[in-house]
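Participant:
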Amino acid sequence: MLSTFAANTFYPKAIVLILTAVLVFVWAGYFCLSLHKRFGGKSVKSYSYYISYTLGLSIWILSNAYFHTGYLVDFGESTAVWMAIVANLSALVAFASAYQFTVKLKHHYTRSKPWDIQRALALITFVLCLSWNLIPDLTIRGVTIVAPSQFIIDFGDYTKPFFLGLTTLVVLTFINLFSIRGSAKRIRRTRINYMLLGMTIFMCSTAIIQLGFTYFFQDFSLTWLPPALSVSEMLFMGYAILASRFYSFRHICTVSIAAILAGLIYTLTLLLVSNSIELTTTSLLLSTIVIGATWPYLYKRTKVIANFLMYGSTLSPADKIVRLEDMFQQSPSQAVSHLARYLGVPNDKLKLLDDYQGANTYRQYFESHTDPLVIDELEDELEQTKTKELSELHSQMNETDYALVLPLYESKNKLSHVLVSSHKPDGHNFSYEELVALSRVLKKAQVHINYDQRLRQAQALANSIAHEMRNPLAQVQLEFECLNEKLLAHATTKELYHHVEQGRSAIARGRQLIDIILREVNNSSLDQEPVEPTSIRTAINNAVSLYGFDSNEDAKKVKITAEHDFIAKINETLFNFVMFNILRNAVYYFDSYPSSCIEIRTDVNDYENSIIIKDLGPGIPEDLLSRIFDDFFSHNKSGGSGLGLGYCQRVMKSFGGAIRCRSEYGHYTEFTLSFPISNISIAPEETPLPPRVTASATIQAKPISVASKPQLILVVDDKEVQRALVKLYLEQLGYRVVLANNGKVAIEIIHNNPIDLIFMDIQMPVMDGFEAAGIIKQSYPAIPIIALSGESGEQDILRMSQLMDGRLSKPTTKNALERILIGTFETKEPA
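The opening residue of the sequence shown carries number 3 in this note's numbering; numbering runs sequentially from there.
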């Protein structure tokens with residue numbers, strides 16, 4: 003039986019049509035499974051008209067295939083007439099189902115149905131066409147058979163009305179699709195365009211061949227072509243339904259042209275070769291191998307021609323994007339600028355963002371998803387399955403005007419940056435080939451991008467420290483010169499002490515500046531910092547009193563009028579740094595603008611509480627106001643890191659508040675720190691607390707009860723100047739001191755001496771402070787260890803808190819040493 007079937011169907015046209023019908027069946031099954039997997043079982047029912055459309059096409063294709071098989075001759079004219087009617091009916095079912103599908107689409111997308119007259123026309127057309135085919139001899143009278151593929155159909159009087167009825171259904175289908183195409187949503191327009199493209203290919207081929215060649219010219223040699231081409235409409239429509247990310251039409255045309263050109267070259271070559279060489283099984287096999295081996299090379303060459311025809315260049319925009327890897331290595335900012343041009347996006351609307359600039363918002367999503375986020379796709383997904391995560395992402399992208407968010411990873415699933423873009427001004431959505439090209443180039447370039455960020459941070463840190471430390475160092479130098487002159491002039495002790503105090507103040511300002519800069523580049527999470535309800539008036543007074551002004555005259559230019567006090571949940575150290583940054587920016591211009599001053603006031607209302615800090619300096623140009631909170635942005639300040647205000651913004655966000663700025667260029671700059679309203683009231687008799695030491699200087703020691711004050715203190719540091727300075731202060735406070743230059747020597751000293759307290763440096767040769775502290779705590783757990791370090795990294799600070807009993811920043815002061823000694827050793831009175 004199989005051999006008989008093979009013998010009757012082994013004809014080129016029959017094989018093409020049967021394979022096409024099989025493809026349609028397979029596609030229909032895949033379509034149903036994909037719908038069920040993605041949207042559930044009910045969704046299959048929702049697309050029942052599309053499924054019946056595919057089934058109608060498959061029957062139409064098979065019934066047409068019959069006329070190109072040996073069965074046409076075997077079964078004779080009566081069966082051929084019946085198969086011709088089956089072909090007409092299956093085509094009618096397919097066309098009617100396509101129409102009904104667009105009716106349902108229109109209702110789904112626009113919440114409206116076609117006019118009643120349109121639906122009535124479609125129904126009447128379907129009934130008439132069905133009747134004309136069911137009544138004998140109205141559409142098909144007979145079939146004259148010569149051989150497979152050689153036949154003539156004798157059409158009835160109602161064949162022309164039948165074809166006109168099919169054309170009517172096609173026109174109505176087009177009308178419905180065009181009415182949906184006007185939707186404002188980009189992805190929906192693309193989806194409809196795909197459906198229209200597939201339908202146009204199929205309908206045009208059907209009209210030209212069936213109506214032209216077959217009906218009017220009685221030429222039946224091409225009747226197999228429309229059924230074969232019908233798969234294009236079905237696939238385009240199915241792809242449009244299932245997909246939410248599409249190739250551009252230019253890309254489709256480019257690929258098609260390149261493939262057709264390559265196919266033509268192979269065809270012409272085979273025709274030339276076949277004239278001189280006898281075709282055998284061996285020669286066909288060799289031809290297949292040669293085509294398979296040379297296809298990639300030839301296709302690459304023909305694609306260059308296709309690119310030139312479609313884009314006017316030998317490279318498509320997607321090809322140009324992929325080739326940007328080398329530019330990312332040289333300059334990520336220039337590479338992003340080129341990306342914007344290739345994508346057709348304004349240069350200022352395509353940005354690389356790190357955690358500080360907003361990438362952290364998408365961290366949780368991209369830990370489990372690696373595909374780009376496209377807002378049009380989110381909207382499409384939300385119509386099907388509305389989830390909280392997708393809704394939040396959609397709202398976030400809407401607020402920031404992001405149409406596209408692509409992830410970049412530092413390591414596996416560790417997000418480092420996101421590339422964000424607005425919509426294209428021309429209204430087109432991002433094509434699939436663009437997204438693939440972007441993902442490829444960013445995956446390769448992420449190493450260069452991460453390196454560039456670290457390099458810029460390091461440069462900013464170095465520049466800031468170098469620049470900001472010049473003033474306090476110059477002050478120290480000045481005081482030494484003054485001391486030298488006073489000593490030569492045999493000045494009084496009071497005069498000498500004045501210069502000593504001025505030098506100490508300069509050192510304090512230098513340490514404060516280092517703390518600010520290190521805080522700005524620290525990657526630690528601000529949300530993890532502890533907060534407590536604090537009187538904002540007290541916090542302002544403390545911050546201003548702790549700020550290291552260059553002179554008393556500068557300090558007097560700050561006027562505080564905190565008439566409205568309120569409670570805010572803040573971390574005082576972080577709050578101080580915000581105030582220091584704003585004060586530093588304003589004080590910077592005191593020399594250039596002698597009349598400038600700083601006004602600090604508070605305000606309360608029903609919606610928020612706020613601090614307003616206004617300086618009468620040069621102001622900020624209007625076109626720069628939107629950029630001042632961007633990391634690495636600095637204006638009119640040589641040597642600045644450009645990190646300060648971005649850091650302030652992150653701090654205020656961690657407090658649940660915000661920071662805003664308004665300015666009039668040439669007149670003033672005003673910052674507003676807003677805080678959420680608190681239900682905690684302020685005690686009527688509350689008075690401002692005295693200033694306290696910032697947390698960058700000390701970490702409060704863990705209380706350890708000791709019978710008396712320490713008799714012998716060990717100072718461990720690899721730098722002689724640091725050891726000498728701490729020894730000097732401790733001896734002035736009345737303590738005996740032993741010195742060690744690394745952790746190993748310290749352990750030997752402890753074994754041989756009754757040490758009561760240890761000040762331990764961290765970074766040392768031979769044995770560092772962490773290793774030494776671990777060993778000491780195992781053998782001498784009762785000895786308190788205070789870290790004496792300049793480390794500011796999150797991990798280092800965490801290890802210090804775990805291994806040690808307190809921390810001081812270097813270089814320390816005598817007051818800081820005294821405070822931590824008092825906090826560590828509590829003298830007990832005899833019972």
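Backbone N, C-alpha and C define an ideal beta-carbon position, used for all residues, glycine too. All values derive from a computational prediction rather than experimental measurement.
Since I believe T127 is in contact with T161 (beta carbons under 8 Å), could you give me their beta-carbon distance rounded to a whole number of angstroms?
Facilitator: Going by Cβ atoms, the distance from T161 to T127 rounds to 15 Å, so no, they are not a contact pair.
Participant: List the residues that DSSP assigns as beta-bridge partners of Y670.
Facilitator: DSSP lists E666 as partners of Y670.
Participant: I'd like the span of the beta strand (DSSP E) that includes V717, first residue to last.
Facilitator: Looking at the DSSP string, the run of the beta strand (DSSP E) that includes V717 is 714-718.
Participant: Can you look up H753 in the DSSP assignment and give me helix, strand or coil?
Facilitator: In the structure shown, H753 sits in a helix (DSSP, three-state: H, G or I).
Participant: Is it a yes or a no for the stretch 130-150 touching the stretch 70-79, going by three-plus beta-carbon pairs under 8 Å?
Facilitator: Cβ pair count under 8 Å is three or more, so yes.
Participant: Starting from E565, trace the beta strand (DSSP E) in both directions and tell me its first and last residue.
Facilitator: Segment: none, E565 is in no beta strand (DSSP E) and carries neither H nor E.
Participant: Kindly indicate which three-state DSSP category F157 falls into: helix, strand or coil?
Facilitator: The answer is strand: DSSP assigns F157 an E or B state.
Participant: Measuring CB atoms only, is the stretch 386-405 touching the stretch 351-368, in the sense that at least three cross pairs come out at less than 8 Å?
Facilitator: At 8 Å Cβ cutoff, the stretches touch.
Participant: So for D735, helix, strand or coil by DSSP?
Facilitator: Strictly speaking, residue 735 in this sequence is Leu, with Asp absent from that position. Coil at L735, not helix or strand.
Participant: Output needed for E385: all residues of its chain with C-beta closer than 6 Å, excluding positions within five of it in sequence on either side, in chain order.
Facilitator: Contacts found: none.
Participant: Excluding five sequence neighbours on each side, which residues of the same chain lie with their C-beta closer than 6 Å to the C-beta of E327?
Facilitator: These residues qualify, in order along the chain: V443, K446, A447.
Participant: Apply the 10 Å Cβ neighbour rule to L136 and answer buried if 16 or more other Cβ atoms are within range, or exposed otherwise.
Facilitator: The residue is exposed, with fewer than 16 neighbouring Cβ atoms inside 10 Å.
Participant: Given this structure, state the Cα-to-Cα distance separating H566 from R458, to the nearest angstrom.
Facilitator: Cα to Cα, H566 sits roughly 41 Å from R458.
Participant: Nearest to I760 by alpha carbon, out of D720, G429, L714?
Facilitator: Minimum Cα distance to I760 is reached at L714.
Participant: Are S54 and A89 close, meaning C-beta to C-beta below 7 Å?
Facilitator: Their beta carbons are not under 7 Å apart, which means S54 does not touch A89 by this criterion.
Participant: Select from V546, I259, S339 the residue whose C-alpha is nearest the C-alpha of Y313.
Facilitator: Selected option, being the one with the closest Cα: I259.
Participant: Select from L132, L440, L730 the residue whose C-alpha is nearest the C-alpha of V422.
Facilitator: Looking at the Cα atoms, L440 is the closest of the given residues.
Participant: Where do the N-terminal and C-terminal ends of the alpha helix (DSSP H) with I584 fall, by residue?
Facilitator: Where I584 is concerned, the enclosing alpha helix (DSSP H) stretches over 574-589.
Participant: Nearest to F251 by CA position, among Y609, Y434, R821, D139, is which residue?
Facilitator: It is Y434 whose Cα lies nearest to the Cα of F251.
Participant: Does the beta-carbon of Q724 have 16 or more other beta-carbons within 10 angstroms, so that it is buried, or is it exposed?
Facilitator: The residue in question, Q724, is buried, as its Cβ has 16 or more Cβ neighbours within 10 Å.
Participant: Just to confirm, is the Cβ distance from P620 to Y591 under 7 Å?
Facilitator: A contact, by the Cβ cut-off of 7 Å.
Participant: Quick check on the DSSP output: the beta strand (DSSP E) that includes R809 runs from which residue to which?
Facilitator: Residues 808-811.
Participant: Could you name each continuous alpha helix (DSSP H) segment of 4 residues or more that falls completely within the stretch 48-90, going from the start of the chain to the end?
Facilitator: Whole alpha helix (DSSP H) segments, 4+ residues: 50-68.
Participant: For N611, which of helix, strand or coil comes out of DSSP?
Facilitator: N611: strand per DSSP, three-state reduction.
Participant: For L790, tell me which candidate among F577, I777, L805 has the shortest Cα-Cα distance.
Facilitator: It is L805.
Participant: For the putative contact between E773 and F677, defined by C-beta atoms under 8 Å, what is the C-beta separation to the nearest angstrom?
Facilitator: Rounded, the Cβ-Cβ distance is 44 Å, inconsistent with contact.
Participant: Taking 7 Å as the cut-off, decide whether the C-beta atoms of I538 and F582 are in contact.
Facilitator: No, they are not a contact pair.
Participant: According to DSSP, is Q765 part of a helix, a strand, or is it coil?
Facilitator: Q765 falls in the coil class under three-state DSSP.
Participant: Excluding the 5 residues flanking L735 on each side, which residues of the same chain have their C-beta closer than 8 Å to its C-beta?
Facilitator: The residues are K816, L819, E820, L823.
Participant: Using DSSP bridges, identify the partner residues of K616.
Facilitator: Per DSSP, E601, E672.
Participant: My output table needs one value for F631: the three-state DSSP class, helix, strand or coil.
Facilitator: F631 falls in the coil class under three-state DSSP.
Participant: Would you report the Cα separation of S133 and L380, rounded to the nearest angstrom?
Facilitator: The alpha-carbon atoms of S133 and L380 are separated by roughly 46 Å.
Participant: Need the endpoints of the beta strand (DSSP E) that S781 sits in, please.
Facilitator: It is not in any beta strand (DSSP E) - S781 instead sits in the alpha helix (DSSP H) that spans 771-781.
Participant: Is the stretch 286-303 touching the stretch 317-332 in the sense that three or more CB pairs, one from each, lie closer than 8 Å?
Facilitator: Counting Cβ pairs under 8 Å, fewer than three are found: no touch.
Participant: Indicate whether the contact test is met: 3 or more Cβ pairs, each with one atom in the stretch 45-64 and one in the stretch 25-37, closer than 8 Å.
Facilitator: Yes, they touch.
Participant: Relative to the alpha-carbon of V449, which residue among H425, I757, L410 has its alpha-carbon at the smallest distance?
Facilitator: V449 has its Cα closest to that of L410, out of H425, I757, L410.
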